[in-house]
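In case it helps, the working numbering puts the sequence shown at residues 1171 to 1674.
A virtual CB, placed ideally from N, CA and C, is assigned to each residue, including glycine.
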Amino acid sequence: PPNAPPPQDAHALHHLPLATLTMGSIINEDRLDALIMRLHEIEAVKFGDFKLKSGLMSPIYVDLRVIVSYPDVLSSVAGCMWEVLKANGAEFDNMCGVPYTALPIATCMSLEHQVPMLMRRKEVKDYGTKKAIEGAFAAGQTCLVVEDLVTSGASVMETVEPLEQVGLKVTDVVVLIDREQGGEARLQSNNLRLHAVLPLSRVLKTLEANGKMSRDLVDNVKAFIAANQTGPNASGNEMGAAEPPKRIAYAARAGLTENQCAKDLWALMDSKQTNLCVAADVATAAELLALADQIGPEICILKTHCDIYPDFDSGFGGKLMALAAKHNFLIFEDRKFADIGNTVVSQYGSGVHRIADWSHITNAHIVPGAGIIDGLKQVGLPKGRGLLLLAEMSSSGTMATGAYTDAAIAMAAKHPDFVMGFISVRPSLWTGAWSKGLVQMTPGVQLGGGGDGLGQQYNTPDRVIKECGSDVIIVGRGIYKAKDPVAAAAEYRKAGWDAYLSAL
1171 PPNAPPPQDA HALHHLPLAT LTMGSIINED RLDALIMRLH EIEAVKFGDF
1221 KLKSGLMSPI YVDLRVIVSY PDVLSSVAGC MWEVLKANGA EFDNMCGVPY
1271 TALPIATCMS LEHQVPMLMR RKEVKDYGTK KAIEGAFAAG QTCLVVEDLV
1321 TSGASVMETV EPLEQVGLKV TDVVVLIDRE QGGEARLQSN NLRLHAVLPL
1371 SRVLKTLEAN GKMSRDLVDN VKAFIAANQT GPNASGNEMG AAEPPKRIAY
1421 AARAGLTENQ CAKDLWALMD SKQTNLCVAA DVATAAELLA LADQIGPEIC
1471 ILKTHCDIYP DFDSGFGGKL MALAAKHNFL IFEDRKFADI GNTVVSQYGS
1521 GVHRIADWSH ITNAHIVPGA GIIDGLKQVG LPKGRGLLLL AEMSSSGTMA
1571 TGAYTDAAIA MAAKHPDFVM GFISVRPSLW TGAWSKGLVQ MTPGVQLGGG
1621 GDGLGQQYNT PDRVIKECGS DVIIVGRGIY KAKDPVAAAA EYRKAGWDAY
1671 LSAL
């Protein structure tokens, strides 16, 4: 018959359990560490904002499809999966990879160890043999299911069921990575034993130890996993017990910074109970001053763009400072300095706008290198000012990511007296460690989320504070273009503060 096993003279050992395995030594820890680092290097394990099949936004994404392009990694993955089966005493006659990512892994194992392989069709053809399972096998044989990773176990069961329908027995499943979200418990409930080379917690441990993840990022991934279990967490692993990371209170963070402006901001937010910054991108200085007087009681910071006001004059700074004192908020001139140190000294301290005289906070790109911080510090530090570095931006297609963000973190660490924080988007996912005395401010915030058609991407206050790990929400058009800017400011203030309190 077409599905009968090969004749005995072709495979003399085929009537024995071809993969009868006995307990062996556990895989060498150094070898596992090397594999994890290689997976990270080829971006098979990535961190960011990823939409999963379920619709959830995940801070981690495991994409093992890429390993087919790296023979060394594919071979190592297959080898480690075989060894964990050997160590656990699994027994089987043939194997079947879950389509499609696990197919090359199963092929490697089959070729290396001379174990027959079967294939499951994802789409059964309505012509030809119309078979769901391809290959030579006999009813009653035991088939190993090979998968790249397990989350809920659903994809594994999609392969187990057609195998069982043709008379094969399935008792064991082997994967490279167990995301520790309930998949093992689901498989156990179906009398299947899971053999995982790497629990996700093991991956995180190695990446943190090698400086590829910060403790905050590890905690955020663990919190996501713990909050998104797909079934009973019966694995007994450390991931399920992960507690969501708790935010340090604003008042306490004032003692973690050297910069006086940052100390003032932490204390202001705590006493006034607001983490709202309004980006007042109005057309004239007169409009800005009027808006500042209206919404001043609701905000901790007013963000300006003085170079767009045609009616800017030498009295502007004094008037705005008086309103800041009246309503207890700080002024942030969003200048985004980006020139060499000698040039920014003049741009910041003199010229038409004389920004350092009236703005408590300003910001800068790091493109010119650390010299830009030295130049701005020369002017601003004696005046008690603070500098924000642009580590990330909220616009679509921004290049301020990855290594650029890491460089900003490193520069900030060398200037703790003047750098007070960052303009950021999702610091909770940063791989580099940073002082919790630094302020994280996130633009592009709207209660409804979405975008503006010009590349600006919006997030809600709740997500920015609780998921993204920011401290100050920056809101622009949602307030200054509202029919009632004061009421809108009060609404955003409450949303931002409520999010902060719930994260403590």
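Per DSSP, the continuous alpha helix (DSSP H) segment holding R1385 begins and ends at R1385 to A1397.
Excluding residues up to 5 positions away in sequence, L1560, A1561, E1562 and M1563 lie with their Cβ nearer than 7 Å to the Cβ of A1570 in the same chain.
Counted as a single uninterrupted DSSP element, the beta strand (DSSP E) harbouring I1531 occupies residues I1531 to A1534. Assignment of H1210 by DSSP, reduced to helix, strand and coil, places it in the helix class.
Nearest neighbour of A1603 by Cα position, chosen from Q1358, R1385, K1489 and F1588, turns out to be R1385.
A direct Cα-Cα distance of roughly 14 Å separates A1204 from E1378.
With a threshold of 16 other beta carbon atoms within 10 Å, K1651 falls short and is exposed. With contacts defined as CB atoms closer than 9 Å, V1367 and V1254 qualify as a contacting pair.
Counting every other CB atom within 10 Å of its CB across the protein chains shown gives L1557 a total of 16 or more, marking it as buried.
Taking 9 Å as the cut-off, the Cβ atoms of Y1420 and Y1670 count as close. Excluding residues up to 5 positions away in sequence, L1617 lie with their Cβ nearer than 8 Å to the Cβ of E1661 in the same chain. A distance below 7 Å between beta-carbons, with the five flanking residues on each side excluded, links K1442 to the following residues of its chain, in chain order: C1470 and N1498.
Of all C-beta pairs linking the stretch 1633 to 1646 to the stretch 1593 to 1601, three or more are shorter than 8 Å, placing the two stretches in contact.
Under the criterion of beta carbons closer than 8 Å, W1436 and R1423 qualify as touching, at roughly 5 Å.
Beta bridge pairing from DSSP links Q1610 with F1592. In terms of Cβ geometry, C1431 and G1567 do not form a close pair [threshold 9 Å]. Annotated three-state conformation of N1512 is helix, per DSSP. Of the candidates G1425, G1259, P1369 and E1282, G1425 places its Cα closest to the Cα of D1587. Going by beta carbons, V1285 and E1317 fall outside the 9 Å limit. The C-alpha of L1288 lies about 20 Å from the C-alpha of R1363.
Residues Q1464, I1465 and E1468 of the same chain have their beta carbon placed closer than 8 Å to that of V1656, with the five preceding and five following residues left out of the count. If the five residues before and after V1634 are omitted, its C-beta is found closer than 7 Å to the C-beta atoms of T1612, V1615, S1640 and I1643, all from its own chain and listed in chain order.
Only residues of its own chain outside the window of five on either side were considered, and among them V1340 have a CB closer than 8 Å to the CB of E1334, listed in chain order.
Per DSSP, the unbroken alpha helix (DSSP H) holding S1672 starts and ends at P1655 to A1673.
Judged by DSSP in its simplified three-state form, H1523 adopts coil rather than helix or strand.
With contacts defined as CB atoms closer than 9 Å, M1581 and I1531 fail to qualify as a contacting pair. In the three-state scheme derived from DSSP, where H, G and I count as helix and E and B as strand, N1361 is classed as coil. Beta bridge pairing from DSSP links R1290 with I1303. Taking C-beta separations shorter than 8 Å and ignoring five residues to either side along the sequence, the partners of K1506 in its chain run N1533, A1534, H1535 and L1560, following chain order. F1507 has A1534 as its beta-bridge partners, per DSSP. When A1659, A1214, N1198 and E1304 are compared, the shortest CA-CA separation from A1450 is found for A1659. Taking C-beta separations shorter than 8 Å and ignoring five residues to either side along the sequence, the partners of V1320 in its chain run V1326, V1343, V1345, I1347, D1348, R1349, G1353, E1354, L1357, L1364 and A1366, following chain order. Membership of T1277 in the alpha helix (DSSP H) is indicated by the continuous run A1272 to H1283. Between G1539 and Y1518, the CB-CB gap reaches or exceeds 9 Å. One thing to note: H1523 has its Cβ no nearer than 9 Å to the Cβ of D1481.
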